[in-house]
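Asker: In my numbering, the protein residues as written are 2 to 141. All C-beta atoms in this analysis are idealised placements derived from N, C-alpha and C, irrespective of residue type, glycine included. The structure displayed is predicted, hence computed values, not measured ones.
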Amino acid sequence: MKKNNWLKWFSVIGCLCLVVGLVILAIIKTNHPDDNPEAPDGPNGTLPGASKIYPTVMVDSRLYEWRKGVAISYVQPTDSIYYGEVNHVDGNSPTKDCEFVSVFSVSGQIYIISENDNYVYLRLTTDWLDDVGVYFDLTE
Numbered sequence: 002m003k004k005n006n007w008l009k010w011f012s013v014i015g016c017l018c019l020v021v022g023l024v025i026l027a028i029i030k031t032n033h034p035d036d037n038p039e040a041p042d043g044p045n046g047t048l049p050g051a052s053k054i055y056p057t058v059m060v061d062s063r064l065y066e067w068r069k070g071v072a073i074s075y076v077q078p079t080d081s082i083y084y085g086e087v088n089h090v091d092g093n094s095p096t097k098d099c100e101f102v103s104v105f106s107v108s109g110q111i112y113i114i115s116e117n118d119n120y121v122y123l124r125l126t127t128d129w130l131d132d133v134g135v136y137f138d139l140t141e
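Have a look at this one:
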């Protein structure tokens, strides 16, 4: 009889540990999803609907896409260098440097990051954003 009680309590404790572990994992995953990398210099917000609009910009003959998830940062990188003015164009993809393709009108400036060409920083103004910094990632 004593063996069965010990086995029963061990099973109950094991199940509780499993449930607590899964809850902790779910909380961590919600706060830090894999497809939501932190922007350099600490992002301050996310763009509502960013995963549906996919704006693209060409810089130095390379395509960059609006970072999915956390993208907006009000702190401009200290190692950013002015590259040019945003030239909003219609189409599916930019074909020249500084061209910006999106489903919304936009104006602004493009900055390259001197130590990392995997992303660029844009200061953008639209009818729903006003002079906001946005990170764009190099497409693969």
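Check whether the stretch 104-113 touches the stretch 125-132, counting contact only when three or more Cβ pairs, one atom from each stretch, lie closer than 8 Å.
Answerer: They touch, by the three-pair rule.
Asker: Which whole-angstrom value describes the C-beta separation of V60 and D91, a residue pair presumed to lie in contact below a C-beta threshold of 8 Å?
Answerer: The Cβ separation is near 19 Å, so there is no contact.
Asker: So what's S12 in DSSP terms, helix, strand or just coil?
Answerer: helix
Asker: Buried or exposed: where does G134 fall if 16 or more other Cβ atoms within 10 Å of its Cβ makes it buried?
Answerer: buried
Asker: With distances taken from CA atoms, which of Y120, R63, S81, Y112 is nearest V87?
Answerer: Y112
Asker: State the Cα-Cα distance for the pair D35 and N6, rounded to the nearest angstrom.
Answerer: Confidence is the limiting factor: at D35 the pLDDT is only 38, short of 50, which leaves the residue's position unreliable, though a coordinate-based value still follows. Cα to Cα, D35 sits roughly 42 Å from N6.
Asker: Where does V21 land, buried or exposed, given buried means 16+ other C-beta within 10 angstroms?
Answerer: exposed
Asker: Could you check what DSSP says for V87 in three-state terms: helix, strand or coil?
Answerer: Three-state DSSP puts V87 in coil, outside helix and strand.
Asker: By Cβ distance below 7 Å, which residues in the same chain neighbour Y122 in space, the five residues on each side in sequence not counted?
Answerer: Q77, P78, S81, Y112, I114, G134, Y136
Asker: Report buried or exposed for S94, applying the criterion of at least 16 other Cβ atoms within 10 angstroms of its Cβ.
Answerer: exposed
Asker: Could you check what DSSP says for W67 in three-state terms: helix, strand or coil?
Answerer: strand
Asker: Please tell me whether Y65 and L139 are closer than 9 Å, where the distance is taken between their beta carbons.
Answerer: yes
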